[in-house]
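Notes follow once the structure below has been shown.
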Amino acid sequence: MASSRIVREIQQTKPFASIEQEAGVAFMKTADQLRRGMAATFESHGVTQQQFNVLRILRGAGKAGLPTLTVAERLVEQTPGITRLMDRLEAKELVRRERPAGDRRQVYCYVVKGGLELLERVDGPVAAASKRAFARLSKTEIVTLLEILEKIRDVERCSAS
3 MASSRIVREI QQTKPFASIE QEAGVAFMKT ADQLRRGMAA TFESHGVTQQ QFNVLRILRG
63 AGKAGLPTLT VAERLVEQTP GITRLMDRLE AKELVRRERP AGDRRQVYCY VVKGGLELLE
123 RVDGPVAAAS KRAFARLSKT EIVTLLEILE KIRDVERCSA S
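If you're matching positions, the sequence shown starts at 3 in the numbering used here and goes up one per residue.
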């Protein structure tokens with residue numbers, strides 16, 4: 003069998019132990035490439051991908067806001083440092099946090115005007131970067147890819163339980 007493109011890209015001299023391992027490495031390499039491409043878009047607007055994700059989540063929550071831990075659960079990329087992430091966003095005047103009078107243990111997070119304005123500026127470039135990343139795929143291939151990724155996440159969820 004001829005060596006696959008991922009074997010050549012990472013200059014691996016031995017074959018993978020299994021097709022699943024090869025697919026995993028190809029997946030991680032692709033995810034890294036997508037992440038780096040998107041990171042440039044975010045960095046040009048002064049935020050990280052995780053900071054943008056938090057702002058996007060809080061925008062979706064609207065005026066009700068969300069508890070910090072709920073924001074952490076909804077992140078695309080899990081982080082143990084949600085408090086530090088919120089500290090940075092608050093320092094940039096993109097979010098605000100409040101402790102409700104009824105439960106002082108809870109901290110609610112809200113996107114503020116500066117955060118909404120930043121999201122407006124970044125939404126277009128993010129959409130354009132996503133289109134570029136998947137430009138070589140048809141809509142049908144993208145739907146198939148989404149279905150495959152869901153199956154992979156389902157397996158990971160089951161094994162983590």
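Here a beta-carbon is modelled for each residue, glycine too, at the ideal position from N, C-alpha and C.
To which residues does DSSP link residue i through a beta bridge?
| i | result |
| --- | --- |
| residue 100 | 110 |
| residue 69 | 110 |
Quick one: grab the DSSP three-state call for residue i.
| i | result |
| --- | --- |
| residue 7 | helix |
| residue 14 | coil |
| residue 151 | helix |
| residue 105 | coil |
| residue 127 | helix |
| residue 60 | helix |
| residue 31 | helix |
| residue 19 | coil |
| residue 146 | helix |
| residue 36 | helix |
| residue 94 | coil |
| residue 48 | coil |
For residue i versus residue j, is the C-beta distance shorter than 8 Å?
| i | j | result |
| --- | --- | --- |
| residue 114 | residue 128 | no |
| residue 53 | residue 87 | yes |
| residue 37 | residue 51 | yes |
| residue 92 | residue 101 | no |
| residue 131 | residue 43 | yes |
| residue 2 | residue 112 | Outside the displayed span of the chain (3 to 163) sits residue 2, for which this structure offers no information. |
| residue 85 | residue 70 | yes |
Would you grab the beta carbon distance between residue i and residue j for me? Rounded to a whole angstrom, and I think it's under 8 Å.
| i | j | result |
| --- | --- | --- |
| residue 39 | residue 103 | No, residue 39 and residue 103 are not in contact; Cβ-Cβ is about 44 Å, not under 8 Å. |
| residue 139 | residue 151 | Wrong, their Cβ atoms sit about 13 Å apart, outside the cutoff. |
Problem - Touching by the beta-carbon criterion (3+ pairs, under 8 Å), the segment 55-73 and the segment 118-128 - result: yes
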